[in-house]
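Using this note's numbering, read the sequence shown as starting at 85 and increasing by one per residue. Backbone N, C-alpha and C fix where the C-beta goes; we use that ideal spot for every residue, glycine too. Beneath this line is the structure, given in structure tokens, with notes to follow.
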Amino acid sequence: MARKPFIAGNWKMYKTTNEAVELAGSLVKEIGKFVHADIALCPTYTVLNDVYKTIENSVITLGAQNVYWESEGAYTGEISPIMVKDTGAEYVIIGHSERRKYFSETDSTVNKKVKAVLAIGLTPIICIGETLEEREQNKTMDVIKTQLEGGLEGFAALDVLNSVIAYEPIWAIGTGKTATPEQAEEVHAFIRTWLEEKYTSSTSDQIRILYGGSVKPENIRELMQKENIDGALVGGASLKKDSFVSIVKNAVSDTIKT
Ligand code: 13P
């Protein structure tokens, strides 16, 4: 089945308000009417609404990089799903490896966050991926399976249908070392089969699985040629207009004439 390509930019902890609005504005000019892929920008919390106001009349959508699972309360420093939604965001990245590594997130906190986000009608982009050590020890599929089981525990097929999965091998993030299309496809196919076995084939056919880790204008096309790679979660290359625009366009260059 044809899944619409999805390219999301994870801006991580970069860009002040002016910088973020400037980048978002220049993206609106270049790809604000681009209908061949879904496009999302995921800036830091403080600029979410400013970026939203910049992109709201374009096809570009907004996502946050994290969320807390409670809807309100005495949780100093945290941000709830309703607050994220209130900014205009539609997506939330959950369980990014940097959150797992530096902020002690686990499959269990990922599960709570995904549940809270789905309950309010936001779409989680659930990140999973193995370390280099795990890959070298041939544990990649075990790690992926554990992360899927823990992150999605208790969810029905419909919940999963309303989610996006991002496979981000940790050794490929910010290193310039992309997984080969074959390495990525092997894991994406594993994820889709796992979803089919656990839920239904219509669930696994429809869910989008993004690849993340040193995606660039030069390697996105090859990655997108793989059957189970439906888009990308882009870090560093999403921080510059030219590289992000090229990634979006190159991602669909085999299927459409732009
Ligand atoms: P890079 O594209 O900078 O490797 O980052 C990938 C990533 O972590 C996206 O979430």
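What's the C-alpha gap between residue i and residue j?
| i | j | result |
| --- | --- | --- |
| N133 | A173 | 8 Å |
| L206 | E140 | 17 Å |
| N222 | V105 | 43 Å |
| S164 | Q231 | 23 Å |
| S247 | I291 | 7 Å |
| A148 | I209 | 10 Å |
| F239 | T190 | 17 Å |
| G161 | L202 | 22 Å |
| H272 | I212 | 11 Å |
| T100 | V131 | 7 Å |
| T342 | K333 | Caution applies to T342, whose pLDDT of 47 falls short of 50 and renders its modelled position unreliable; the model cannot decide the point. |
| A268 | Y251 | 8 Å |
| K200 | E154 | Lys is not the amino acid found at residue 200; the sequence shown has Ala there. A200 and E154: Cα-Cα distance of roughly 7 Å. |
| V299 | I166 | 31 Å |
| K197 | T339 | 35 Å |
| I254 | L216 | 7 Å |
| T284 | A241 | 7 Å |
| T75 | A256 | The first residue shown for the chain is 85 and the last is 342, placing residue 75 beyond what the model contains. |
| D326 | E306 | 19 Å |
| L146 | E280 | 29 Å |
| Y136 | K88 | 22 Å |
| V244 | T193 | 17 Å |
Could you tell me which residues DSSP puts in a beta bridge with residue i?
| i | result |
| --- | --- |
| P208 | V176 |
| Y251 | I212, Y295 |
| A316 | I91, Y295 |
| G157 | Paired residues: none, contrary to the question. |
| L146 | L125 |
Applying the criterion that 16 or more other CB atoms from any shown protein chain within 10 Å of the CB defines a buried residue, is residue i buried or exposed?
| i | result |
| --- | --- |
| T277 | exposed |
| A312 | According to the sequence as given, residue 312 is Asn; it is not Ala. Classification of N312: buried, given that the 10 Å Cβ count is 16 or more. |
| E214 | buried |
| F90 | buried |
| K118 | It is Phe, not Lys, that sits at residue 118 in the sequence shown. By the 10 Å Cβ count, F118 comes out buried. |
| M308 | buried |
| T259 | exposed |
| G179 | buried |
| S322 | buried |
| S188 | exposed |
| A158 | exposed |
| N102 | exposed |
| E182 | buried |
Within 8 Å of any Cβ in chain D, is that where the Cβ of residue i sits?
| i | result |
| --- | --- |
| G172 | The question asks about chain D, but that chain is absent: this structure has only one protein chain. |
In chain order, each beta strand (DSSP E) run of at least 3 residues that lies wholly inside the stretch 201-247: 207-212
Complete alpha helix (DSSP H) runs within the stretch 89-138 (minimum length 4 residues, chain order): 101-115
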